[in-house]
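Numbering (the working numbering), first residue to last: 856 to 1023. All residues carry an ideal CB built from backbone N, CA and C; glycine is no exception. If you're wondering where the values come from, they're calculated on a predicted model, not measured in any experiment. Heads up: the structure comes next, in structure tokens.
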Amino acid sequence: MKENTVKKTKDLSQKVYTTLLEQNDLLENIIALQKIVYSAVTDKKWETIEDSMHTLSVVSEKFQFLEKTRVQLCNELCPENAGNMHSVADALFPPLKTPFIQTFHEVRQKLTVSKIENKAINDYIRISQDFLQGVMENVIPQRRNKIYTRTGTLVKNQPDSVVLNTYM
């Protein structure tokens, strides 16, 4: 009976650790793709943006699947405190405790880097959109009119298409 429990713990430990390693690898890919997207956005390489965003979406879905798998495995391994990775590490097969914690910290660091990269992309897009909105309001004076919703909140005008007869 005890051998069965040890084998089950060993198998679960290996699965949790392997899942975490896969997440770590995917995060490296996600960060690299985010950098490509940022570069493509700033360089206005639309095809690269489209391809990178598609790949990023696929990789992100894989990461979410692995996260669900990891959570399920952690619940099996440490049902009383599955949300605390140090408690999960204590429940792991002993040789995997240290590598698990190290990998977990790497994953957390990469998630933070990914969040920063994502914020940089969003900030660049927001600033560009605000700039273009200001340009459009100055170029097309009739756009300065304010439009309100039924509830009285101001609706921000969206830029109209404009054709220029010059290269930028």
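DSSP three-state assignment for L947, whether helix, strand or coil: coil
Exposure label - T967; buried when at least 16 CB within 10 Å: exposed
DSSP bridge partner residues for Y1003 (one or two, in chain order): L1009
Coarse secondary structure for G989, derived from DSSP in three states: helix
Run of the alpha helix (DSSP H) containing E902, from where it starts to where it stops: 901-932
Cβ distance (whole Å) where V962 is taken to contact L882 below 8 Å: 6 Å
Whole-angstrom distance between A937 and L867, CA atom to CA atom: 13 Å
Nearest-angstrom Cβ-Cβ length linking L932 and V871, presumed shorter than 8 Å: 6 Å
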